[in-house]
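Novice: Each step along the sequence shown adds one to the number in full-length UniProt numbering, with nothing skipped, and position 22 is 22.
Every residue gets a Cβ at the ideal spot worked out from N, C-alpha and C, and that includes glycine.
Have a look at the structure that comes next, please.
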Amino acid sequence: MTTPTSLQDADDYQQIHNGIVRLLDTARTETVRSINALMTATYWEIGRRIVEFEQGGESRAAYGAQLIERLSVDLNQRYKRGFPW
């Protein structure tokens, strides 16, 4: 990396540096926001499917099938803690 030779060069460098930093920070923020929205929608859909399964078309579930416990064990074995990145 070379050192700017004049104040003007230093100002130009600082402007491009700051612009790139803002661009990367914005991309990071938007990525996190998108992932959070997708995870929220995914977990909502998982909950909806569990409720539908447990209710079996009825307005209320007849608990005792131990669906949550079995899903918890099976999904934890497959995914450990969250999604592997």
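(1) Give me the Cα-Cα distance between Ser59 and Arg49, rounded to the nearest whole angstrom.
(2) On the three-state DSSP scale, how would you describe Gln55?
(3) Determine the direct distance from the alpha carbon of Tyr43 to that of Asn76, and round the result to whole angstroms.
(4) Tell me which residue opens and which closes the alpha helix (DSSP H) that Arg70 is part of.
(5) Taking only the alpha-carbon atoms, compute the straight-line gap between Ile68 and Gly56 and give it to the nearest angstrom.
(6) Have a look at Ile35 and Ala41 and give me their C-alpha separation to the nearest angstrom.
(7) Would you say the beta carbon of Ile35 is closer than 8 Å to some non-hydrogen atom of the ligand NAP?
Specialist: Walking through what the data contain:
(1) When rounded, the distance between both Cα atoms is 14 Å.
(2) In this structure, Gln55 counts as helix in the three-state DSSP scheme.
(3) If you take the alpha carbons of Asn76 and Tyr43, they lie about 15 Å apart.
(4) Per DSSP, Arg70 belongs to the alpha helix (DSSP H) from Leu67 to Tyr79.
(5) 15 Å
(6) Between the alpha carbons of Ile35 and Ala41 lies a gap of roughly 10 Å.
(7) The model depicted lacks the ligand NAP and carries no ligand whatsoever.
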